[in-house]
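Okay, structure first, notes after.
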Amino acid sequence: STSGTTFSLSAVLKNEGVLSLYAGLPAGCYRQLVYAGARFGLYEEFRDRLEAVRGKTDFASRLLTGGTAGGIAAYLSCPMEVTVVRMSNDASLPPSERRNYKGVTDAFSRIIKEEGAKAFWRGSTPFVQRAMMVGCFQVATYDELKSTYASALGQAKNSVENVFCSAMTSGLIYSLATMPLEAAKNRMAGQKPGPDGKLPYTGSLQTITKVVRKEGVLGLYKGYLPYYLRCGGHTVSMFILVQKIRDLYGDLEKKS
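For the sequence shown, full-length UniProt numbering begins at 1 and goes up steadily by one.
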């Protein structure tokens with residue numbers, strides 16, 4: 001809820017300061033270099049190749065290529081994703097349970113030393129599944145909505161207004177679709193073994209089922225408002241920036 005989000009934000013600012021809101025930012029930047037770069041690059045490559053074979057690009061083709069590119073990109077960036085989740089969530093844990101990573105390099109070395117490299121892919125299944133859905137519901141729907149809004153509203157396809165409307169809508173769609181897998185991914189990536197030495201969550205479906213049984217369906221949507229604000233804000237800024245870079249690159253190519 002809005003009040004819950006506001007209360008949590010106020011408590012974090014009061015107890016830990018402004019910088020605590022950016023815990024895990026360096027790891028997040030590294031992750032985006034791999035994840036976003038591979039996701040966009042592979043999407044357009046797959047889409048164009050499929051169009052060359054089929055002779056057309058429709059929404060089904062965009063969904064297929066978006067999901068495939070998202071899944072591959074997510075698997076490649078799993079080590080950074082685990083690091084992001086742990087560094088971001090560390091401050092919310094009781095002092096005795098905190099890992100207290102000093103930075104990205106320290107987190108990487110300690111995870112390998114203490115848990116082995118396989119720990120980087122703990123929770124990879126829901127992350128890859130979520131990324132495939134993001135590829136479908138963010139990238140593919142955005143690509144489709146750009147043409148739809150441009151035609152319906154009579155505005156230029158690559159204009160800031162059209163990109164903004166398309167990005168906000170795709171952000172809403174994909175945040176609703178992926179929130180359950182986001183919740184499962186975060187719980188699996190941040191979990192610790194219980195007293196019996198076993199992990200409480202073993203897979204995305206098991207995690208989702210366990211949460212629904214204990215907390216109800218809405219338990220999967222706890223923290224949805226900040227998640228949507230993150231998704232919507234990220235989607236809008238990302239696609240506007242991507243479009244501007246493309247326009248700039250196109251202008252430079254024309255001059256050369």
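Idealized CB from N, CA, C, for every residue including glycine.
The model shown is predicted, which means the values in this text are computed figures rather than measured ones.
Item: Cβ-based neighbour list, Leu120, same chain, cut-off 7 Å, excluding 5 preceding and 5 following; Value: The sequence as given places Phe at residue 120; Leu does not occur at that position. Closer than 7 Å at the Cβ level, and outside the excluded window around Phe120, lie Cys78, Pro79, Val82, Ile111.
Item: Contacts around Ala156, its chain only, beta-carbon distance under 8 Å, and the 5 residues preceding and following it disregarded; Value: Ala150, Asn162
Item: Range of the contiguous alpha helix (DSSP H) that encloses Thr125; Value: 124-134
Item: Pair within 7 Å by beta-carbon distance, residue 284 and Gly171; Value: Lying outside 1 to 256, the shown extent of the chain, residue 284 is not represented and no answer is given.
Item: Same chain only: Cβ atoms within 7 Å of Leu252, ignoring 5 sequence neighbours per side; Value: none
Item: Cys165 classed as buried or exposed, judged by whether at least 16 other C-beta atoms fall within 10 angstroms; Value: buried
Item: Gly203 versus Ser256 - alpha carbon distance; Value: 52 Å
Item: Beta-carbon contacts of Ser109 that lie in its chain and below 7 Å, excluding the five residues immediately before and after; Value: none
Item: Every unbroken alpha helix (DSSP H) inside the UniProt repeat "Solcar" (158-248) [4 residues or more]; Value: 160-190, 204-215
Item: Contact check, Thr207 vs Met188, beta carbons under 7 Å; Value: yes
Item: Within 7 Å, strictly: CB atoms of Thr65 and Phe40; Value: no
Item: Other residues of its chain near Tyr75: CB distance less than 6 Å, five sequence neighbours each side excluded; Value: Val128
Item: Three-state secondary structure (DSSP) of Asn100; Value: coil
Item: Close-in-space but distant-in-sequence residues of the same chain around Gln243 (CB under 7 Å, 5 per side omitted); Value: Asn158, Val163
Item: Arg122 at chain C interface by Cβ criterion, 7 Å; Value: Absent from the structure: chain C. Only one protein chain is present.
Item: With 16 other Cβ atoms within 10 Å as the buried cut-off, status of Ser1; Value: Bear in mind that a pLDDT of 49 at Ser1, under 50, signals an unreliable position, so the number given afterwards is only what the model happens to contain. With fewer than 16 other Cβ atoms within 10 Å, it is exposed.
Item: Three-way DSSP call (helix, strand, coil) for Gly250 in this model; Value: helix
Item: Cα-Cα separation, Met168 to Gly135; Value: 15 Å
Item: Buried/exposed call for Ser88, threshold 16 Cβ in 10 Å; Value: buried
Item: Distance CB(Ala177)-CB(Met133) smaller than 7 Å; Value: yes
Item: Nearest to Leu220 (by Cα), restricted to the options Gly103, Ala117, Lys185, Tyr30; Value: Lys185
Item: Phe239, buried or exposed, once every other Cβ within 10 Å from all chains shown has been counted against 16; Value: buried
Item: Own chain, CB closer than 8 Å to Pro193, minus 5 neighbours either side, in chain order; Value: Leu199
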